[in-house]
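Participant: Chains as they are written, first to last, in my numbering: chain Y, 3 to 581; chain H, 42 to 265. Mind looking over this structure? Questions follow.
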Amino acid sequence: MSATLSATGGVSFAPVLERKFPDGSVSVERRPAADVPTVVAAPGSFHEAARFLRDDPAAGFDLLLDLVAVDRLKLDGPPSFRGDERFQLNALLYSTKRNEHLRLRVALPATEPRLQTLAEVWPASNWFEREAWDLMGIRFDGHPNLARLLTHNGFVGHALRKDYEAGQRWLCTDEDVLQTALAAKTDLPEDVFETMTLNFGPSHPSTHGTLRIVLRVDGERIVAAESECGYLHRCFEKMSETHTYTQVIPYTDRLNYCSPMINGNGYARAVEQMLGIEIPARARAVRVVLSEFSRIMDHMVCIGANLVDLGGLTTFWYSYQAREEIYSLLEACCGARLTSSYARIGGLSLDVPDNFVEWCRTLGRSVTTHIREVETLLTKNRIFQKRMSGTGVVTKEQAIAWGFTGPCLRASGVGYDVRKDKPYDGYDEVDFDVPVATAGDNYSRYLVRMEEMRQSLRIIEQVVSKLPGGPVVSDDYRVVLPPKEMVYNEMEGLIFHFKNVFEGIQVPAGEIYSYTEGANGELGYSIVSDGSGRPYRVKVRPPCFPLFAAFEKIIIGGMVSDAVATLGTLNIIAGELDR
Amino acid sequence: MPGRVVTIQPHEPTLGERLYLPLLQGMALTLKKFVANVFTPKTRPTIEYPEQRRQYSDRYRGRHILKTREDGSLKCVACYMCATACPADCINIVAGEHPNLAYEKYPTVFEIDLLRCVMCGFCVDACPKDAIWMTKDYEMSYFSRQDAIYGIPELTEKPSDTGEGGPGYGYRPYYGASPAKKAGQFEPSGLSLLPMTLARNAAINRVPPPPPKPPAPAPAKPAA
């Protein structure tokens, strides 16, 4: 969090921007220090501004993180919120060279909101634009395939618009969009009779849930591919709008269900930043410890499940044993093995068990053993090496262009880790390394994950040895529920309690993009508040969304069995992908 | 970029690796595990579920129970706090007037749709009367959707919930950094504390929070 709000709104290249756009069509918007710096563009200069931000060395925003569309119809504001400026599209950007975030914003009219596609500026925007079209109805001219993404073909209307009536039901038609899209895309060579279409998923065991890919294969080799998601779409974002800030927490557990704790912590942190409250040191430390354990769990599941797809079931048992042991610790802290709901706005729901430190250390030792076992089975295993090396290669440039973050980006040679580059929750006080590999293939992604687990154990050991005492939740009773004794005995406590439950936490009107390092990469929450007890708009930046969007490009030219291996190392979690 | 970034390079395979020798290490590991699992069944990480059961902590969020007063009436005053706090909208309450004036209100209908419930424990957090707790019962399966809707008879606390062989109390109200917690009445448990679970549950049960109202003259049994 930068210290104060400067005249340039935190944008270091403001003078360059002013010189480039002297007519003021692209300008810096002053934002609170907790939020990311923002540049606003007029619709006409949006594309030019995007190009400038990517290409100018003073800006260099080469990685598109997310596109957040907001319908401001019901926000307090000028009548233009109902007219010329009803929709807002925010492109969240990151500069890998300068380690800075930026939001590029444009307002769009209520009728026919349309924009030129960003595909040639940031290729990652392809699926983000489809999502914005699907859920918000913003049309992107020149988009190669502006089809619905999360909802099905028979869906009428755009679900996240504020005037969309929730609860309507639409019948899914049987028409297979994917095959049509594939047919349109395939520029088949003359040996058209030699290729065949192969349907892969949504209930294929190696799609780990609900992904679907249609492949055009020439023998074993993939000629063209088209993928789709949305089978597990549970309207997280729309549901959030009708729930209080606290009530959203259980839903965050169901995003990345392999590391639910990280999601909850990230969400709570976003709201805490909007409220401007500090959480107690103990809560911060516990969040870090459990987040790191969740990261280990997530990586273990990724590697274990990947090996099942490759035909090695043994690794799966050893890696899942680590996960089961970690689940026991999580359950003793929060009361559920998977659906943790541990974070609260302002801290944690309960203090950790008395033997927490001891337990973490024991667990650290046993997880180390399991990591070693997995390593014994895999790292030097020639069959595994041959299977993984050189397959699913993503170069550094591709990884950045496709919006990768997390282990997959680091395996391609970019050392961006939010914990290191934008430290939060005291990650700057612990000593750990960020593993980076350069090859960008499946084997590198495996190696990076293995090393990250060891680094996570280092973080846990350091934090646990200095675990601060004191409360685990803030004592600001406008935000957290007062202790029960106060509720039972004091009028004031009861009033706080009632207001908190019935009205929800009153978050001041505003907007934030808050990001933490999820197990798969940068997990971002864009929250817009209208000052009431319920979020006006919540947009999650799921780390595996851009990963899966790029999947159909990575696997071209490879074999079907390599596609399975690649899908595993990218670690696509459908709950997070579809929300 | 601040911090330390280490580059991992996949090493060139050695002669041993080219000869697939590390596979033997892997096989040795698997064999070791196999032998251990066969001859020392106690170290097996798996649980043979219906016969063996995993011990859960005292915070486990399982099926709900409604706590009762000493006279057997429900502590619930039908204030709708739990129903409001519920993110899954699974609690249905209809309030009625209690014949005992000291209690004022009580729920004539209190239903939890356990198929909708997400087991988040927010109802327990929200209750201002210490009336709803959770148990460690996680075996909830039904033959019809209607069976999953638990009413007052199913939800009211029974001796079988906490007695020998019962699930025992799970998630319950958070007392915060209060003296009650410091005195050890509400302390969390880990694996090592598990044998004490039932004893502590009984202790907690005996020390109800101070009544918010002056004691009623003569508590009467509510008309059903």
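Glycine residues also receive a C-beta, built at the ideal position from the N, C-alpha and C atoms.
L449/Y versus chain H: which residues are under 7 Å apart at the beta carbon?
Facilitator: Going along chain H in sequence order, the residues near L449/Y (Cβ under 7 Å) are I49 and P51.
Participant: Return helix, strand or coil for A551/Y, following the three-state DSSP convention.
Facilitator: Helix.
Participant: When the Cβ atoms of the stretch 156-171 of chain H are set against those of the stretch 117-130 of chain H, are three or more pairs found closer than 8 Å?
Facilitator: Flag = yes, the stretch 156-171 of chain H and the stretch 117-130 of chain H touch.
Participant: If you scan the stretch 299-363 of chain Y from start to end, which runs of the alpha helix (DSSP H) of 4 or more residues do you find wholly inside it?
Facilitator: Whole alpha helix (DSSP H) segments, 4+ residues: 315-336.
Participant: Could you pull out every residue in the same chain whose Cβ sits closer than 6 Å to the Cβ of G520/Y, ignoring the five residues on either side in sequence?
Facilitator: Counting only Cβ-Cβ distances below 6 Å, and skipping sequence neighbours, we find I264 and P545.
Participant: Would you verify that the beta carbon of L70/H is, or is not, closer than 8 Å to some beta carbon of chain Y?
Facilitator: For L70/H, the answer is yes, since a Cβ of chain Y falls inside 8 Å of its Cβ.
Participant: From D443/Y, N444/Y, C410/Y and D427/Y, pick the residue whose C-alpha is nearest to that of V436/Y; which is it?
Facilitator: Comparing Cα-Cα distances from V436/Y to each of D443/Y, N444/Y, C410/Y and D427/Y, the minimum goes to C410/Y.
Participant: Determine, for C164/H, whether the minimum Cβ-Cβ distance to residues of chain Y falls below 8 Å.
Facilitator: Chain Y, which has no Cβ nearer than 8 Å to the Cβ of C164/H, makes this no.
Participant: Which whole-angstrom value describes the C-beta separation of Y538/Y and V530/Y, a residue pair presumed to lie in contact below a C-beta threshold of 8 Å?
Facilitator: Y538/Y to V530/Y, Cβ: 5 Å. Contact.
Participant: Can you find the residues in the same chain that come closer than 7 Å, C-beta to C-beta, to L496/Y, ignoring five residues on each side of it along the sequence?
Facilitator: Within the same chain, L496/Y has close Cβ partners V489.
Participant: For L257/Y versus E578/Y, is the C-beta distance shorter than 8 Å?
Facilitator: Taking 8 Å as the Cβ cut-off, L257/Y and E578/Y qualify as a contacting pair.
Participant: Is G506/Y near T119/Y, with beta carbons less than 8 Å apart?
Facilitator: Contact: no.
Participant: Would the beta-carbon of A653/Y fall within 8 Å of that of L234/Y?
Facilitator: This structure leaves residue 653/Y out entirely; chain Y is present only between 3 and 581.
Participant: Using only CA atoms, which one of G559/Y, L569/Y and C237/Y lies nearest to E222/Y?
Facilitator: The shortest Cα separation from E222/Y among G559/Y, L569/Y and C237/Y belongs to G559/Y.
Participant: In this structure, what does DSSP give as the bridge partners for V530/Y?
Facilitator: E513/Y and R539/Y, per the DSSP bridge assignment.
Participant: Tell me whether N2/Y sits in a helix, a strand or coil according to DSSP, three-state version.
Facilitator: Absent from the structure is residue 2/Y, since the part of chain Y shown begins at 3 and ends at 581.
Participant: In whole angstroms, what is the alpha-carbon distance linking R236/Y and R581/Y?
Facilitator: Taking the straight line from one Cα to the other gives about 6 Å.
Participant: Whose CA, out of T71/H, H105/H and F80/H, lies closest to the CA of A189/H?
Facilitator: For the residues T71/H, H105/H and F80/H, the minimum Cα distance to A189/H belongs to H105/H.
Participant: Shortest alpha-carbon distance to H145/Y belongs to which of L55/Y, H154/Y, G159/Y and F130/Y?
Facilitator: H145/Y has its Cα closest to that of F130/Y, out of L55/Y, H154/Y, G159/Y and F130/Y.
Participant: Suppose only complete runs of 4+ residues qualify. What are the alpha helix (DSSP H) ranges in the stretch 66-138 of chain H, listed by chain order?
Facilitator: Counting only runs of 4 or more, we get 122-126.
Participant: Could you have a look at R163/Y and say whether DSSP puts it in helix, strand or coil?
Facilitator: The answer is coil: DSSP assigns R163/Y none of H, G, I, E or B.
Participant: Please report the distance separating the alpha-carbon of R100/Y from that of V310/Y.
Facilitator: Spanning the two alpha carbons is a distance of roughly 40 Å.
Participant: Can you say whether M68/H is buried or exposed, counting buried as having 16 or more other CB atoms within 10 angstroms of its CB?
Facilitator: Flag for M68/H reads exposed.
Participant: With a Cβ-Cβ cutoff of 8 Å, do L117/Y and L110/Y count as a contact?
Facilitator: Cβ atoms of L117/Y and L110/Y: closer than 8 Å.
Participant: For G392/Y and chain C, any beta-carbon pair shorter than 8 Å?
Facilitator: No chain C appears in this structure, whose protein chains are Y and H.
Participant: For P200/H and R171/Y, what's the separation of their Cα atoms in angstroms?
Facilitator: Near 45 Å, if we compare the C-alpha coordinates of R171/Y and P200/H.
Participant: At the 8 Å Cβ level, is N242/H part of the contact set with chain Y, yes or no?
Facilitator: Note that N242/H scores a pLDDT of 39, beneath 50, so its modelled location is shaky; the value from the coordinates is reported in the next line. No, N242/H does not count as interfacial toward chain Y.
Participant: Taking DSSP as the reference, what is the three-state secondary structure of K422/Y?
Facilitator: Here K422/Y sits in helix by DSSP.
Participant: Could you tell me how far apart the beta carbons of V562/Y and V219/Y are, in whole angstroms, since I believe they sit closer than 8 Å?
Facilitator: Their Cβ separation, rounded to whole angstroms, is 6 Å, which keeps V562/Y and V219/Y in contact under 8 Å.
Participant: Under 8 Å between C-beta atoms, does R384/Y make it to chain H?
Facilitator: Yes, because at least one Cβ of chain H sits closer than 8 Å to the Cβ of R384/Y.
Participant: Is the Cβ of T203/H closer than 8 Å to any Cβ of chain Y?
Facilitator: No - not a single Cβ of chain Y is within 8 Å of the one on T203/H.
Participant: My output table needs one value for Y445/Y: the three-state DSSP class, helix, strand or coil.
Facilitator: Looking at Y445/Y - three-state DSSP - the assignment turns out to be helix.
Participant: Using beta-carbon positions only, say whether C131/H and P252/Y come within less than 8 Å of one another.
Facilitator: For C131/H and P252/Y, no; Cβs fall outside 8 Å.
Participant: Residue range of the beta strand (DSSP E) that Y212/H falls in?
Facilitator: First-last for Y212/H: undefined, no H or E at that position.
Participant: Counting pairs of beta carbons, one from the stretch 314-326 of chain Y and one from the stretch 270-288 of chain Y, are three or more of them closer than 8 Å?
Facilitator: No, the stretch 314-326 of chain Y is not in contact with the stretch 270-288 of chain Y.
Participant: Less than 7 Å between C-beta atoms, sequence neighbours within five positions excluded: which residues of the same chain meet that for D165/Y?
Facilitator: Within the same chain, D165/Y has close Cβ partners L75.
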